[in-house]
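Peer 1:
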Amino acid sequence: MAKKRVVLTFPPELTEIPLTYHLVKEFDLALNILKAKITPGEEGKLVLELSNGSLEKIEEGIEYLEKHGVKIQPLSKEIVLDEEECIKCGACTAVCNSNALRMNPDTANLVFDRDRCIVCELCVPACPMRIIKVMF
Amino acid sequence: MSLTKSYQEINEKIKKGRVVVVTAEEVISMVQDEGTEKVLEKVDIVTTGTFGAMCSSGAFLNFGHADPPLKMSKVWLNDVPAYAGLAAVDAYIGATELSEARGLEYGGAHVIEELISGEKIKLKAIGFRTDCYPRKEIETWVTLDDLNQAYLFNPRNVYQNYSVAVNSTARIYHTYMGTLLPNYGNATYSTSGELSPLLNDPEYRSIGIGTRLFLGGGTGYVAWEGTQHNPAQKRDENGLPLSGAGTLALIGDLREMNRKYLRAGVFHNYGTSLYLGVGIPIPLLDEEMVRRVSISNKELKTTVYDYGVQKRSKPALGMVSYADLRSGSIELKGKRIPTAPLSSLEKAREIARELKEWILAGRFYLTEPVAPLPFRDGVKPLREEV
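Those protein sequence lines, which keep their order, are chains A and B. Each residue of the first sequence is one higher than the last, beginning at 94 in this note's numbering. Each residue of the second sequence is one higher than the last, beginning at 8 in this note's numbering.
1) Quick check on the DSSP output: the beta strand (DSSP E) that includes F120 (chain A) runs from which residue to which?
2) Apply the 10 Å Cβ neighbour rule to C182 (chain A) and answer buried if 16 or more other Cβ atoms are within range, or exposed otherwise.
3) For Y90 (chain B), name the three-state secondary structure that DSSP assigns.
4) Quick one: grab the DSSP three-state call for L20 (chain B).
5) Distance, Cα to Cα, D199 (chain A) vs L352 (chain B)?
6) Which chain B residues are close to K181 (chain A), counting only those with a beta carbon under 8 Å from its beta carbon?
7) For R299 (chain B), count neighbouring Cβ atoms within 10 angstroms of its own Cβ and tell me buried if that reaches 16, exposed if not.
8) Could you tell me how far apart the beta carbons of G369 (chain B) and G24 (chain B) are, in whole angstroms, since I believe they sit closer than 8 Å?
9) Going by Cα to Cα distance, which pick from A:K226, A:L127, A:L194 is closest to V100 (chain A)?
10) Does the beta-carbon of E135 (chain A), which I'm using as the reference point, lie nearer than 7 Å to any heavy atom of the ligand ADP?
11) If the cut is a Cβ gap below 7 Å, which residues of chain A does P348 (chain B) touch?
12) Where does G200 (chain B) fall in DSSP's three states?
13) So the beta strand (DSSP E) P345 (chain B) belongs to, where does it begin and stop?
14) Give the range of the alpha helix (DSSP H) segment to which S336 (chain B) is assigned.
15) Answer yes or no: do A95 (chain B) and P76 (chain B) have a C-beta to C-beta separation smaller than 8 Å?
16) Under a Cβ-count criterion, where at least 16 other Cβ atoms within 10 Å of its own Cβ denotes burial, should F419 (chain B) be classed as buried or exposed?
17) Does the Cβ-Cβ distance between L380 (chain B) and G215 (chain B) come in under 8 Å?
18) Following the continuous beta strand (DSSP E) through G115 (chain B), name the residue where it begins and the one where it ends.
19) For the region 181-198 of chain B, which residues have a CB atom closer than 7 Å to at least one CB atom of chain A, in sequence order?
20) Can you tell me which of the three DSSP states S301 (chain B) falls into?
21) Taking only beta carbons into account, state which residues of the region 268-300 of chain B come closer than 7 Å to chain A, listed in chain order.
22) Measure from the alpha carbon of N265 (chain B) to the alpha carbon of each residue in B:S213, B:R242, B:D384, B:F221, then state which is nearest.
23) For a quick check, are the C-beta atoms of P288 (chain B) and L362 (chain B) less than 8 Å apart?
24) For R178 (chain B), count neighbouring C-beta atoms within 10 Å of its own C-beta (all shown protein chains included) and say buried if the count is 16 or more, exposed if not.
25) DSSP three-state label for E210 (chain B), please.
26) Quick check for students: name the residue ranges of the beta strand (DSSP E) that lie wholly in the region 126-167 of chain A, counting only runs of 3 or more.
27) Pull up the distance between the alpha-carbon of L47 (chain B) and that of A31 (chain B), whole angstroms please.
28) If you follow the beta strand (DSSP E) that A271 (chain B) is in, where does it begin and where does it stop?
29) In three-state DSSP terms, what is K422 (chain B)?
30) Report the residue from A:D121, A:I172, A:I131 whose alpha carbon sits nearest the alpha carbon of I110 (chain A).
31) Say whether chain A places a C-beta atom closer than 8 Å to the C-beta of G335 (chain B).
32) Could you round the C-beta distance between T346 (chain B) and Y196 (chain B) to whole angstroms and report it? I think they count as a contact, below 8 Å.
33) I need the DSSP call for R333 (chain B), collapsed to helix, strand or coil.
34) Taking C-alpha atoms, which residue in B:Y113, B:N18, B:S124, B:G42 lies nearest to L261 (chain B)?
35) For the region 48-111 of chain B, list the beta strand (DSSP E) runs that are entirely contained and at least 3 residues long, ordered along the chain.
36) Give the list of continuous beta strand (DSSP E) stretches no shorter than 3 residues that lie fully inside the region 164-214 of chain A.
Printed below as a string of structure tokens:
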């Protein structure tokens with residue numbers, strides 16, 4: 094399954110058009126909304142994970158959005174955890190709603206599943222060792 | 008007559024290389040399979056371990072005298088104030104004392120971690136001129152090797168059981184129990200459960216004043232009962248406290264410690280704390296002690312409190328077992344709440360294993376308590392008088 098994570102910036106006039114509907118309908122894309130901040134009449138932000146059987150379909154969908162004036166940036170921010178310095182306490186898992194950071198109940202080991210991370214950044218201040226950082 | 012063992016007999020076995028040691032996790036299935044009598048015959052010592060934030064920690068340091076000498080009345084280490092109301096060149100650096108330059112993000116715990124890592128620490132001290140101490144100030148750099156004595160002396164460590172924290176309010180809370188999400192969004196707990204030292208000797212039969220133990224990677228001792236030691240906490244039919252109960256004051260040489268088992272931590276919007284590894288050996292003196300160490304997370308319970316209520320007495324919302332907490336979620340008020348640990352079970356296991364290896368290698372002998380921990384009283388609140 095091809096996958097791409099992108100940050101969409103909508104100009105105010107576009108927040109009224111159902112663009113995501115067209116992505117599903119015309120390009121057969123599965124959308125996973127990771128983060129959204131859309132208020133009618135204001136610039137909107139949407140972080141999306143687009144997936145489909147082929148990367149071409151995803152690229153076509155992105156082109157379609159750009160044609161309508163949506164600014165597209167790859168989701169380039171990522172959470173980095175310094176495994177060497179980690180004490181595996183689990184304090185970060187308390188705030189991780191996407192379950193990217195979680196404890197393995199069998200081994201008590203901390204798991205960091207990057208694919209699930211939506212870069213909400215709540216884990217950064219929650220880490221008492223100060224070893225979780227946002228990288229651009 | 009049923010079998011009993013003495014400290015002397017067990018130490019003799021350590022000396023002869025015949026001692027049998029298992030961890031507090033390993034012993035549980037052994038007792039389930041073979042029963043207490045067989046396990047008492049086979050096993051001599053059970054090792055415990057815990058690695059978590061222990062705020063009431065700190066170190067006594069002696070700097071040695073400069074020339075001309077100075078009576079240090081105020082001391083800073085890397086801009087963190089240390090208490091110096093002692094003899095001329097003694098000071099106490101507390102784990103939660105904050106840096107005057109860096110605020111909540113750096114404190115006494117960081118100074119202690121850097122000291123044991125061999126790093127240079129900026130020492131600044133001021134005093135007043137006396138006939139024996141003519142100097143008024145000094146600013147220099149010191150390392151652990153430069154100090155005469157440097158030992159942890161922690162007034163309160165290894166809490167015997169601790170609360171689970173949730174937050175009933177609509178806003179996020181930043182606490183010493185981690186980040187608590189609104190509307191019961193999560194539940195945090197801090198314990199090693201069935202590996203926890205004082206939960207394996209709930210009525211302090213073998214852990215007392217003078218007990219030798221694993222502290223921060225080195226050897227330490229129980230110096231006294233810990234502050235807020237509260238053996239009178241409500242207990243279940245196994246004698247296990249249902250919330251925070253006994254505590255220990257611990258002492259040990261910083262020179263033996265390493266940052267694998269001693270780390271500075273920061274709680275967001277709260278301040279600094281010391282993450283410390285402690286392991287205590289429990290001698291299996293009789294079947295009753297075997298029964299106590301065999302109690303598992305399923306049977307160990309603790310109380311959930313609402314940390315959204317900013318009062319001394321927080322409302323208790325229910326009881327859960329450590330097996331529930333470890334499973335990843337608990338049920339409270341008809342709702343599934345995800346759980347998160349704050350103390351490291353992985354490190355706790357490493358500590359129990361390392362202490363076991365020390366004993367097997369004949370590097371560590373058991374001590375019989377010099378005096379028992381008191382078994383009385385509750386914890387008094389602070390009354391305000393006007």
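For glycine and all other residues, C-beta sits at the position ideal for the given N, C-alpha and C. The model shown is predicted, which means the values in this text are computed figures rather than measured ones.
Peer 2: According to the structure shown:
1) If you look at F120 (chain A), you'll find it isn't in any beta strand (DSSP E); it sits in the alpha helix (DSSP H) that goes 112-120.
2) Buried is the label assigned to C182 (chain A), since at least 16 other Cβ atoms lie within 10 Å of its Cβ.
3) Y90 (chain B) sits in a strand when the DSSP states are folded into three classes.
4) Sequence check: residue 20 (chain B) is Lys here, not Leu. K20 (chain B) falls in the helix class under three-state DSSP.
5) The alpha-carbon atoms of D199 (chain A) and L352 (chain B) are separated by roughly 11 Å.
6) Residues of chain B passing the Cβ test: S351, L352, E353, K354.
7) Burial state of R299 (chain B) is buried, judged by a 10 Å Cβ sphere holding 16 or more other Cβ atoms.
8) Rounded to the nearest angstrom, the Cβ distance from G369 (chain B) to G24 (chain B) is 7 Å, consistent with a contact under 8 Å.
9) The shortest Cα separation from V100 (chain A) among A:K226, A:L127, A:L194 belongs to A:L127.
10) The ligand ADP is absent from the structure shown, which contains no ligands of any kind.
11) For P348 (chain B), the residues of chain A that pass the 7 Å Cβ criterion are C182, G183, M196, in the order they occur in the chain.
12) In the structure shown, the three-state DSSP call for G200 (chain B) is helix.
13) In the DSSP assignment, P345 (chain B) falls within the beta strand (DSSP E) that extends over 342-348.
14) Where S336 (chain B) is concerned, there is no enclosing alpha helix (DSSP H), although the beta strand (DSSP E) it sits in stretches over 336-339.
15) Less than 8 Å separates the beta-carbon of A95 (chain B) from that of P76 (chain B).
16) This structure cannot speak to residue 419 (chain B), because chain B is shown only from 8 to 393.
17) L380 (chain B) places its beta carbon less than 8 Å from that of G215 (chain B).
18) Element bounds for G115 (chain B): not the beta strand (DSSP E) but the alpha helix (DSSP H), 115-123.
19) If the cut-off is 7 Å between Cβ atoms, the region 181-198 of chain B has G185, T186, L188, N193, T195 near chain A.
20) In this structure, S301 (chain B) counts as coil in the three-state DSSP scheme.
21) If the cut-off is 7 Å between Cβ atoms, the region 268-300 of chain B has R270, G272, V273, F274, H275, Y282 near chain A.
22) Taking only the C-alpha atoms, the option nearest N265 (chain B) is B:F221.
23) Yes; because the gap between Cβ atoms is below 8 Å, this pair is in contact.
24) In this structure R178 (chain B) is exposed. Its beta-carbon is surrounded by fewer than 16 other beta-carbon atoms within 10 angstroms.
25) E210 (chain B): coil per DSSP, three-state reduction.
26) You should have 137-145, 164-167.
27) Roughly 14 Å between the two C-alpha positions.
28) Segment 269-274, the beta strand (DSSP E) holding A271 (chain B).
29) There is simply no residue 422 (chain B) to check, as chain B begins at 8 and stops at 393 in what is shown.
30) With distances taken between CA atoms, I110 (chain A) lies nearest to A:I131 out of A:D121, A:I172, A:I131.
31) In terms of beta-carbon proximity, G335 (chain B) lines the interface with chain A, with at least one pair separated by less than 8 Å.
32) Cβ-Cβ separation between T346 (chain B) and Y196 (chain B): approximately 7 Å, consistent with a contact (criterion under 8 Å).
33) Note: R333 (chain B) maps to helix in three-state DSSP.
34) The candidate whose alpha carbon is nearest that of L261 (chain B) is B:S124.
35) Counting only runs of 3 or more, we get 52-54, 57-60, 65-69, 81-84, 87-89, 97-101.
36) Listed in chain order, the beta strand (DSSP E) runs fully inside the region 164-214 of chain A are 164-167, 171-174, 194-196, 203-205, counting runs of at least 3 residues.
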